[in-house]
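K.L.:
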Amino acid sequence: MKGPIPSFLWIAIVALGLIACVHLGLAVQRGSVSLLAAAGCEVVLIVGLVQGRKWALVVSLVFAALGTAFGFGHGLANGLGVLIGNALVVVPLILCRDFFYPEFSRPPANPGSG
Numbered sequence: 189m190k191g192p193i194p195s196f197l198w199i200a201i202v203a204l205g206l207i208a209c210v211h212l213g214l215a216v217q218r219g220s221v222s223l224l225a226a227a228g229c230e231v232v233l234i235v236g237l238v239q240g241r242k243w244a245l246v247v248s249l250v251f252a253a254l255g256t257a258f259g260f261g262h263g264l265a266n267g268l269g270v271l272i273g274n275a276l277v278v279v280p281l282i283l284c285r286d287f288f289y290p291e292f293s294r295p296p297a298n299p300g301s302g
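Going by this note's numbering, 255 is the number at position 67 of the sequence shown; the sequence numbering is gapless.
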């Protein structure tokens, strides 16, 4: 564990959890193995995000981009729904990138240097 999880990151974790629950419900309702696999992948991503794993950040962003593209392939309304759901995951992840990549965070400003 890298330290305390940023408060804003919990929005992405909860949103991803809700998306996983929706996928699980749809998988049971439709008997879809692909939706069940999606729910399983999302649970693995949640664990990775909580642990601050870099791969979880990258894979989450890639899955969100691909999911949005596939969503719009099934109609405008479906695409917009996927886009909004993924935005609840992607925006907090981007804003909390320093939690995953602290080596790229900005050094504190030094007001004494001139």
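Ideal placement from N, C-alpha and C gives every residue a C-beta, glycine not left out.
(1) Taking DSSP as the reference, what is the three-state secondary structure of residue 269?
(2) With the cut-off set at 9 Å, would you say residue 271 and residue 259 are in Cβ contact?
(3) Please list the terminal residues of the continuous alpha helix (DSSP H) segment that includes residue 284.
(4) Cα-Cα, which of 227, 217, 223 and 249 is closest to residue 283?
(5) By Cβ distance below 7 Å, which residues in the same chain neighbour residue 233 in space, the five residues on each side in sequence not counted?
(6) Can you check the segment 231-267 for any alpha helix (DSSP H) of at least 4 residues that lies completely inside it and give the ranges in chain order?
P.N.:
The answer reads as follows:
(1) The residue labelled residue 269 in the question sits at position 81 within the sequence shown. Three-state DSSP puts residue 269 in a helix.
(2) Locating residue 271 in the sequence shown gives position 83, where the first residue counts as 1. Locating residue 259 in the sequence shown gives position 71, where the first residue counts as 1. Yes. Within cutoff.
(3) As a position in the sequence shown, residue 284 is number 96, starting the count at 1. Neither: residue 284 is in no alpha helix (DSSP H) and is coded neither H nor E.
(4) Indexing the sequence shown from 1 puts residue 283 at position 95. It is 249 whose Cα lies nearest to the Cα of residue 283.
(5) Residue mapping note: residue 233 aligns to position 45 of the sequence shown, counting from 1. Result list for residue 233: 204, 244, 247 and 248, in chain order.
(6) 242-260
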